[in-house]
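Shown next, in structure tokens, is the structure this report addresses.
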Amino acid sequence: MLNIFKAFLIRRIQFFIHNFLIETIVSLLLPIIFMLIIGFVLISQSPVYKNFPDESWILLGIIFSISFASSFLFTFSDIQIMKKTKLLSQINITPTSQISFIFNYILSIIPLEFLRSILIFIILHLLIGTVFNIQFYFFYSIFIILNILLSSNLGFTFGILNFNFEKSSILVFLFIIFIYFFSCWLIPISFYPDPLKIFIEFFPTYILVEFLRSILFENSYSMIFLIFVLFFIIINYMLNIYLYSKNHSS
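Residues in the sequence shown are numbered consecutively from 142, following my numbering.
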């Protein structure tokens, strides 16, 4: 299956080169739109706006939002293209090999998205002039990898289902905004009503973002919550295997 990994990695690089401009614009546009909407609301509530977190707090959220949107949208659109061109149905693999096949496909997305996230982090890091400790950079790498695995798995799910990109673009946009809203990457959880806080605290992307922020601002972390995120990724991965096998047999 190493050849499959290499093939999909090359495919990802080619897609990135050919669609660099549109991919960059879209992955940046969604967080910007979300920030403008939320910013407008917060500015109108001046006492709340004055208590808003500093640049470092928001920096981590911006990196998460760009990385999530980029990995999700690429995987979604790529699976759609492979379905449209019948490439998925032409790949002849046994049911037991489907597990490794999807794993290698998801894995092939990590290198380029990881490098992109590192580059964005360096640029934003230089702009705000903040210095982080060595421990933070190590956990930042874990954070990015888990974020890519989470978002690309969700993108695979949306792509393998019978969604047409042109017809479901609004649905995809709303889904990403939904993820943004409950990840608290821009709005602190303290701003939310109490009934929502219980739901948010078990939201996988919120756990990821807070994991990194707790290391930066509190110098502490809990691996238990990361295990929960890994469990969610595995469940989503198993769902993708089921959806792929169902699509492959039809």
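Just so it is clear, CB atoms sit at the ideal spot from N, CA and C, and this is done for glycine as well.
From Y281 to L287, what distance separates their C-alpha atoms? The count along the sequence shown starts at 1 and reaches residue 281 at position 140. The count along the sequence shown starts at 1 and reaches residue 287 at position 146. One C-alpha to the other measures close to 10 angstroms.
On a CA-only basis, which of E359, S293, I365 and R354 is nearest I203? Give me that one, please. In the sequence shown, the residue the question calls residue 203 occupies position 62. Residue R354 is the option with its Cα nearest to I203.
Say whether the stretch 361 to 381 touches the stretch 334 to 353, bearing in mind that this needs 3 or more beta-carbon pairs closer than 8 angstroms, one atom from each stretch. yes
Would you identify the three-state DSSP class for V350, choosing helix, strand or coil? Walking along the sequence shown from the start, residue 350 turns up at place 209. If DSSP states are grouped into helix, strand and coil, V350 belongs with the helices.
At 4 residues or longer, and completely inside the stretch 202 to 227: list those alpha helix (DSSP H) runs for me, N to C. none
Taking 8 angstroms as the threshold (C-beta atoms), are T346 and I320 in contact? The count along the sequence shown starts at 1 and reaches residue 320 at position 179. The count along the sequence shown starts at 1 and reaches residue 346 at position 205. Yes, they are a contact pair.
Span separating the alpha-carbon of L295 from that of F213: Along the sequence shown, one-based indexing puts residue 295 at 154. Along the sequence shown, one-based indexing puts residue 213 at 72. So the two alpha carbons sit approximately 7 angstroms from each other.
Short of 7 angstroms in beta carbon distance, which residues of its chain neighbour F217, apart from the five on each side in sequence? Order them along the chain. Translated into positions along the sequence shown, residue 217 becomes position 76. For F217, where only same-chain residues beyond five positions count, the Cβ hits under 7 angstroms are G296, F299, G300 and V313.
Do you know offhand how far Y190's Cα is from F244's? Numbered from its first residue, the sequence shown carries residue 190 at position 49. Numbered from its first residue, the sequence shown carries residue 244 at position 103. Unreliable positioning characterises Y190 in this predicted model, as indicated by a pLDDT of 41, which lies under 50. A coordinate reading is not provided.
Need the endpoints of the alpha helix (DSSP H) that F255 sits in, please. Numbered from 1 along the sequence shown, position 114 holds the residue referred to as residue 255. Note, F255: alpha helix (DSSP H), S238 to I269.
Compute the beta-carbon to beta-carbon distance between S249 and S208, rounded to the nearest angstrom, for a pair I have assumed lies under 8 angstroms. For the purposes of this step, residue 249 is taken as the residue at position 108 of the sequence shown. For the purposes of this step, residue 208 is taken as the residue at position 67 of the sequence shown. No, S249 and S208 are not in contact; Cβ-Cβ is about 16 angstroms, not under 8 angstroms.
Exposed or buried, D335, counting other C-beta atoms within 10 Å across all chains shown (16 or more means buried)? As a position in the sequence shown, residue 335 is number 194, starting the count at 1. Exposed, because fewer than 16 other Cβ atoms sit within 10 Å of the Cβ of D335.
Report the rounded CA-to-CA distance for I173 versus F284, giving the unit in angstroms. For the purposes of this step, residue 173 is identified with residue 32 of the sequence shown, where counting begins at 1. For the purposes of this step, residue 284 is identified with residue 143 of the sequence shown, where counting begins at 1. Near 22 angstroms, if we compare the C-alpha coordinates of F284 and I173.
Could you check the C-alpha separation between L384 and L302 for me, to the nearest Å? Counting from one through the sequence shown, the residue named residue 384 turns up at place 243. Counting from one through the sequence shown, the residue named residue 302 turns up at place 161. Rounded to the nearest angstrom, the two C-alpha atoms are 7 angstroms apart.
Three-state secondary structure (DSSP) at S197? Here residue 197 refers to the residue found at position 56 of the sequence shown. Three-state DSSP puts S197 in a helix.
Can you look up F343 in the DSSP assignment and give me helix, strand or coil? One-based indexing of the sequence shown puts residue 343 at position 202. Of the three classes helix, strand and coil, the one that applies to F343 here is coil, per DSSP.
Quick check on DSSP: helix, strand or coil for P334? To locate residue 334, count along the sequence shown from 1; it is residue 193. In this structure, P334 counts as coil in the three-state DSSP scheme.
Taking the alpha-carbon of N388 as reference, which of Q221, L260 and S211 has the nearest alpha-carbon? Residue 388 sits at position 247 when you count from the first residue of the sequence shown. Checking every option, the nearest Cα to that of N388 belongs to Q221.
What three-state label does DSSP hand P329 in the structure shown? Indexing the sequence shown from 1 puts residue 329 at position 188. Of the three classes helix, strand and coil, the one that applies to P329 here is coil, per DSSP.
With DSSP run on the structure shown, which of helix, strand or coil describes Y362? Walking along the sequence shown from the start, residue 362 turns up at place 221. Y362: coil per DSSP, three-state reduction.
Tell me which residue opens and which closes the alpha helix (DSSP H) that N294 is part of. Reading the sequence shown from its first residue, position 153 is the one you call residue 294. Residues I275 to I301.
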